[in-house]
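Residue numbers (UniProt numbering): 1 to 80. Positions of the beta carbon are idealized from the N, C-alpha and C atoms, including for glycine. Everything below concerns the one structure shown next.
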């Protein structure tokens, strides 16, 4: 992944988190982190970054009882 794409992805992530905090709605955050995880597969991101995003998605999904995201995370762990 190029540095330019990485910076753009992180800028969008920051914007999304700020938007969630401003609207007091964080339910979409686990979905957002999961989308970043899926996108990072195509960008050849470093493993520790992907693992951190997966952990963030898992924790937030557990808080919101978002079974769909928890299932996707579980399936991904089974693939590796």
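Quick check on DSSP: helix, strand or coil for residue i?
{"i": "residue 65", "result": "coil"}
{"i": "residue 38", "result": "helix"}
{"i": "residue 46", "result": "coil"}
What distance in whole Å lies between the Cβ atoms of residue j and residue i, which are believed to be in contact at a cut-off of 8 Å?
{"i": "residue 89", "j": "residue 34", "result": "For the chain, the structure presents residues 1 to 80; residue 89 sits outside this window and is missing."}
{"i": "residue 11", "j": "residue 36", "result": "Not quite, the Cβ-Cβ distance comes to about 12 Å (not below 8 Å), so this is no contact."}
{"i": "residue 62", "j": "residue 70", "result": "7 Å"}
When we look at the beta-carbon of residue i and count the other beta-carbons within 10 Å, is it buried (16 or more) or exposed?
{"i": "residue 72", "result": "buried"}
{"i": "residue 40", "result": "buried"}
{"i": "residue 66", "result": "buried"}
Between the Cα of residue i and the Cα atoms of the options, which residue gives the shortest distance?
{"i": "residue 17", "options": "74, 68 and 60", "result": "60"}
{"i": "residue 31", "options": "77, 64 and 75", "result": "64"}
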